Ligand code: ATP
Ligand code: MG
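Residue numbers (the working numbering): 8 to 433.
See the structure below:
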């Protein structure tokens, strides 16, 4: 016997129950985005490999080792998208959404990185991404932080659950100067660096600041801080953001080692970190990328955004959302010759009259006993029973499955009226 085919490592199925809750959660996220006046876009899951190389950076973890890249049958080099900012900028330039315009955009969908699978780290994962264009000021950075905080609020996450960390990466000139000082310093401590850090020394020294190795961390502790090289304008931008956050009573922690793993960021970067998720604690990460639009070939346009890891967020809220799963309103039991057509007609009539009332039809016949068993298993609030005697008299029996309430017999019209008026009590 051949063995069953399994899904790809790090790529997961969602069972019906969790998927329903995920939908509820996504609905709440979308509600917040609407409240803030953001518009949804959709872009392809596959893009030209070059797009990610040119935007995320050749020597980042994502491009160097995490991308699903391949040559297609026509000889084009393509990649499954590892993140959404590059695609958004590409789409914005290509379709003329950015030129002389302000945009507040969002998207949600699957992303792909060939990482070592572990809790909170998958090879197919989902992100809610938010990207804004044409806003240069720190007020937009504050709006993005406020928006993300509203998401935690509507999901019922207590404020102390997520810590806001912010930092500024300054502008390219300051970064270049800091970079050379940093390389000099790290070279002076070369013997204490691990192989990974050594290999990053010339290519992407900023990334070493992010190392998880305690020995490297100890070296990094006294490394030159980018903060000390920032120019006046970038510093003012950061100060203004901090004042806005303080005025809004949003607690934050300035983390000078927060650098982000993608090259395109400048000035403000931020993360929301949960301490209850273990090592993979960053639920939301973002910042400014004022240079990316120009870098991809269009006129310079300031931009800022963030991405939320849907799986990480879901694991924080899934447990206390259990009671928010949508419940089936009714299971329709149809007994005897000719009842099936009448039952279908009744179910259709109810669905037309009351779109929020959900009806599941019994398909495949069966005795009253086996149909009632299915009704119980469906989790429905009521069983609507259409037997031969009911059919003859134009009645339907309503049996309450979740409440201790006597069953009722109603005419079909009465039933439909009660359902439309919401007076059935389910
Ligand atoms: P990390 O440091 O955790 O690898 P990152 O800097 O690579 O994160 P981003 O590219 O900024 O992450 O993605 C934004 C968010 O998407 C992360 O904060 C996280 O919540 C989520 N995320 C990123 N990679 C994965 C993954 N492989 N599996 C699940 N979620 C992920
Ligand atoms: Mg990563």
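Cβ atoms here follow ideal geometry from the backbone N, Cα and C, with glycine treated the same way. Bear in mind that the values here come from a model prediction, so they are computed numbers and not experimental data.
Contact check for residue 382 against residue 353 fails: the beta carbons are separated by 8 angstroms or more.
The continuous alpha helix (DSSP H) containing residue 161 extends over residues 145 to 161. By the C-beta density criterion, residue 177 is buried, having at least 16 other C-beta atoms within 10 angstroms. Using a cutoff of 7 angstroms, the CB of residue 68 counts as near the ligand MG, since one of the ligand's heavy atoms is closer than that. Residue 120 places its beta carbon less than 8 angstroms from that of residue 73.
In this structure the segment 163 to 170 touches the segment 268 to 281; the number of beta carbon pairs closer than 8 angstroms is three or more.
Counting the other CB atoms within 10 Å of its CB gives residue 261 a total below 16, which places it among the exposed residues. Per the DSSP secondary-structure output, residue 409 pairs with nothing in a beta bridge. By alpha-carbon distance to residue 181, the top candidate from 192, 237, 77 and 304 is 237. In chain order, 122 and 287 place their CB closer than 7 angstroms to the CB of residue 128, counting only its own chain and leaving out the 5 sequence neighbours on each side. One Cα belongs to residue 294, the other to residue 67, and the distance between them is close to 17 angstroms. Remark: the shortest separation between the CB of residue 24 and any heavy atom of the ligand MG does not fall under 7 angstroms.
About 12 angstroms separates the CB atoms of residue 153 and residue 137; that is not less than 8 angstroms, and the two are not in contact. Note on geometry: alpha-carbon atoms of residue 76 and residue 21 lie some 25 angstroms from one another. Taking the Cα positions, residue 150 is about 38 angstroms away from residue 206. Collapsing the DSSP output to three states places residue 219 in coil. Beta-carbon to beta-carbon, residue 350 and residue 393 are separated by about 5 angstroms, close enough to satisfy the 8 angstroms threshold. Under the rule that a run must span 3 or more residues, the beta strand (DSSP E) segments found entirely inside the segment 169 to 220 read 169 to 175.
Exclusion of the five residues before and after residue 338 leaves 367, 382, 385, 387 and 390 as the residues of its chain whose Cβ lies within less than 6 angstroms of its Cβ. As a beta-bridge residue in DSSP terms, residue 132 pairs with 118.
In this structure, the C-beta of residue 268 approaches the ligand MG to less than 7 angstroms from one of its heavy atoms. Secondary structure remark: continuous beta strand (DSSP E) runs of at least 3 residues inside the segment 16 to 56, in chain order: 53 to 55.
Shortest Cα-Cα distance from residue 344 to any of 377, 397 and 306 involves 397.
According to DSSP, residue 321 shares a beta bridge with no other residue.
Proximity to residue 357 across 346, 296, 420 and 305 peaks at 420, based on C-alpha coordinates.
For the 8 angstroms CB-CB criterion, residue 327 and residue 163 form a contact. For residue 77, the three-state secondary structure derived from DSSP is strand. Relative to the ligand ATP, the nearest heavy atom lies less than 7 angstroms away from the CB of residue 120. Residue 263 is positioned such that its CB atom lies closer than 8 angstroms to that of residue 232. Taking 8 angstroms as the cut-off, the Cβ atoms of residue 86 and residue 59 count as close.
For residue 290, the shortest C-beta to heavy atom distance toward the ligand ATP is below 7 angstroms. Using a cutoff of 7 angstroms, the CB of residue 170 does not count as near the ligand ATP, since none of the ligand's heavy atoms is closer than that. The ligand ATP never approaches residue 27 closely enough for any of its heavy atoms to be under 7 angstroms from the residue's Cβ. Here the C-alpha atom of residue 284 lies approximately 13 angstroms from the C-alpha atom of residue 291. By DSSP's assignment, residue 315 forms a beta bridge with 135 and 291.
Membership of residue 379 in any beta strand (DSSP E) is not indicated; the residue belongs instead to the alpha helix (DSSP H) covering 375 to 385.
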